[in-house]
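Asker:
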Amino acid sequence: MRRNFWFYIILATIISCTKSSEFTTSNQTIEIQVENAKEAKLSELYESIEYVLLKKSDEFPLVRPYKFKFSGDLLGIEDPGAEQYVFFDLKGSPRFKLTASGGGPGEFQRTEDFQFSNNQIIIKDPMLSKFLFYDRQGNYLREEKSRVRTSYFFKNDEIELHYSKNIKEHGDFDFYRIENDQIISMVPSKTFIKDVVFGDNASFMTDPNSGNIVFNIPFATLIAFFDEQGQLNSLLEFDFGDKYINQEEAAKMTPEERNERVMSENLVSMGVSSFFPMNGGYLATFGTGYKYSHQVFLDENLKLKGHYYNISNDIDQMPVNTVPWFFQENRLGFFIPSSEFFADYLERFEIGTDATAKSNLHQFVEENQYELGEDSYVLTFLKVKKEVFND
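When we follow numbering that gives the first Met the number 0, the leftmost residue of the sequence shown carries the number 0, and every step to the right adds one.
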């Protein structure tokens, strides 16, 4: 990875009405032997590659895109750099945007999280501590107060969940559930990192296999599963053995000492980077030594089916210079500045190169050659083979 565009890094009063959950959870551990990872070719794991250009528009500029979420024919992008949410169709054409404009009714000041729910778009403002609801065309519907000021959230007509972002606004817990107008605390925090707000580019996700709600806890090795009533169902832990510096150890080191160990010993750098629920299984990613990107495939029962690294692109030979960032159904997604993508292409190919099977690369570049040099982004989608989740 040549650049890292993506690393974005208050204590508050504990509210007396907060309760801790007594719900019993089941736990599962997956042991990962880093040294047993297999090198692989992209075609062994993925069916095809598709590239999509987010069309540049003076009306819809993206400053620092962060979260990418899909629903039907819509792609929503949270852009904290401009305090806005921009929505595109699946071909990359902008449809509408929701922009911070103030503190009055129907307005917000700060982006934090958003979701598609019940044919609506819900966004959350931590400054005003409220939710705002819009239809799928971006028309404002209503707003309501949030009991939790700063958090990522999952919300529908039945349940409301929050991830604390390490702020501990309602006690030393990672998650809160709103029930009968009370805040129920869940999952005692294990972090030793204080006064740092944690970010996550996926937030809460719905599992198509079980209907569970899934959250990958940042800078950790734990995945939380909640049932459809918002109860904590289980915790999945990735055990990297002596290849991972846990937070208690890391808290005793300077950043320089930690980085030196990670690089010299090829250690897992920041826990589980992403955990995506897909049809038929799960895809987890993590990095080692600040150099290698690993992909782990699990079946529907969370059994390990494959662990790969140093995956070479034998489908169309384009480098994938960024980390996995989002998913859509059974497609793993990456994004990269379009000018950087275009430079990578011109180092390897000429415009007009014959089409490649299982990739739209050359047709994509030929059709968009005059826009790729501008200030926009290219999305890369890798369609996962069904076999990787099976024996």
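No residue lacks a Cβ here, since even glycine has one placed at the ideal position from N, Cα and C. Please read these numbers as outputs of a predicted model, since none were measured by experiment.
One question on the structure: do K96 and E373 come within less than 8 Å of each other, judged by their Cβ atoms?
Answerer: Sequence index remark: in the sequence shown, residue 96 carries index 97 (1-based). Sequence index remark: in the sequence shown, residue 373 carries index 374 (1-based). Not a contact, by the Cβ cut-off of 8 Å.
Asker: On the three-state DSSP scale, how would you describe E366?
Answerer: Numbered from 1 along the sequence shown, position 367 holds the residue referred to as residue 366. It is helical.
Asker: What are the boundary residues of the alpha helix (DSSP H) that A39 is part of?
Answerer: The residue you call residue 39 lines up with position 40 of the sequence shown. Bounds of any alpha helix (DSSP H) do not take in A39; it lies within the beta strand (DSSP E) bounded by 37 to 40.
Asker: Can you look up R347 in the DSSP assignment and give me helix, strand or coil?
Answerer: In the sequence shown, counting from the first residue as 1, residue 347 sits at position 348. Three-state result, R347: helix.
Asker: Could you tell me the distance, in whole angstroms, from the CA atom of F22 to the CA atom of N232?
Answerer: Within the sequence shown, residue 22 is the residue found at index 23, counting from 1. Within the sequence shown, residue 232 is the residue found at index 233, counting from 1. With a pLDDT of only 45 at F22, under the threshold of 50, the placement of this residue in the model should not be trusted; the figure read from the coordinates follows. For F22 and N232, the distance between alpha carbons rounds to 9 Å.
Asker: Suppose the cutoff is 8 Å on Cβ atoms and the five residues either side in sequence are ignored; what does the same chain contact list for K304 look like?
Answerer: The count along the sequence shown starts at 1 and reaches residue 304 at position 305. Excluding residues within five positions, the ones whose Cβ falls inside 8 Å are G280, F296, L297, D298, V387, F388, N389, D390.
Asker: Quick check: F203 and M185, are their CB atoms within less than 8 Å of each other?
Answerer: As a first step, residue 203 must be located in the sequence shown, where it is residue number 204. As a first step, residue 185 must be located in the sequence shown, where it is residue number 186. Not a contact, by the Cβ cut-off of 8 Å.
Asker: Which same chain residues, not among the five before or five after I350, have their C-beta less than 7 Å away from its C-beta?
Answerer: Taking the sequence shown and counting its residues from 1, the one referred to as residue 350 is at position 351. These residues qualify, in order along the chain: V364, E365, Q368.
Asker: Relative to the C-alpha of M262, which candidate in G286, F239, E159 has its C-alpha closest?
Answerer: Against the sequence shown, residue 262 aligns to sequence position 263. Nearest C-alpha to M262: G286.
Asker: Let me check one thing: in DSSP terms, what residues is E30 bridge-paired to?
Answerer: To locate residue 30, count along the sequence shown from 1; it is residue 31. In the DSSP output, where bridge partners are listed per residue, E30 has D238.
Asker: Determine the contact status of E111 and K129, defining contact as a CB-CB distance below 8 Å.
Answerer: Within the sequence shown, the letter at position 112 stands for residue 111. Within the sequence shown, the letter at position 130 stands for residue 129. No.
Asker: Quick one: residues in its chain with C-beta nearer than 6 Å to the C-beta of D238, no 5 flanking neighbours on either side, listed in chain order?
Answerer: Locating residue 238 in the sequence shown gives position 239, counting from the first residue. Cβ neighbours of D238 beyond the five flanking positions: T28, E30.
Asker: By Cβ distance below 7 Å, which residues in the same chain neighbour F340 in space, the five residues on each side in sequence not counted?
Answerer: Counted from its first residue, the sequence shown places residue 340 at position 341. L371, V377.
Asker: Kindly indicate the opening and closing residues of the beta strand (DSSP E) around Q327.
Answerer: As a first step, residue 327 must be located in the sequence shown, where it is residue number 328. Start and end: 325 to 327.
Asker: Take the Cβ of F275 as the centre, count every other Cβ of all protein chains shown within 10 Å, and call the residue buried at 16 or more, exposed below.
Answerer: In the sequence shown, counting from the first residue as 1, residue 275 sits at position 276. Looking at its Cβ environment, which holds 16 or more other Cβ atoms inside 10 Å, F275 is buried.
Asker: Throw me the rounded Cβ distance for the R347 and L381 pair, which I believe falls under 8 Å.
Answerer: Walking along the sequence shown from the start, residue 347 turns up at place 348. Walking along the sequence shown from the start, residue 381 turns up at place 382. Their Cβ separation, rounded to whole angstroms, is 18 Å, which puts R347 and L381 out of contact at 8 Å.
Asker: DSSP three-state call for K167: helix, strand or coil?
Answerer: Within the sequence shown, numbered from 1, the residue matching residue 167 stands at position 168. Coil at K167, not helix or strand.
Asker: Is G91 buried or exposed, if buried means 16 or more other CB atoms sit within 10 Å of its CB?
Answerer: Counted from its first residue, the sequence shown places residue 91 at position 92. G91 is buried by the Cβ-count criterion.
Asker: In its own chain, which residues sit with a C-beta less than 8 Å from the C-beta of F218, not counting the 5 before and 5 after it?
Answerer: Residue numbering aside, residue 218 sits at position 219 when the sequence shown is read from its first letter. Hits under 8 Å: T190, I192, F197, Q246, M269, G270.
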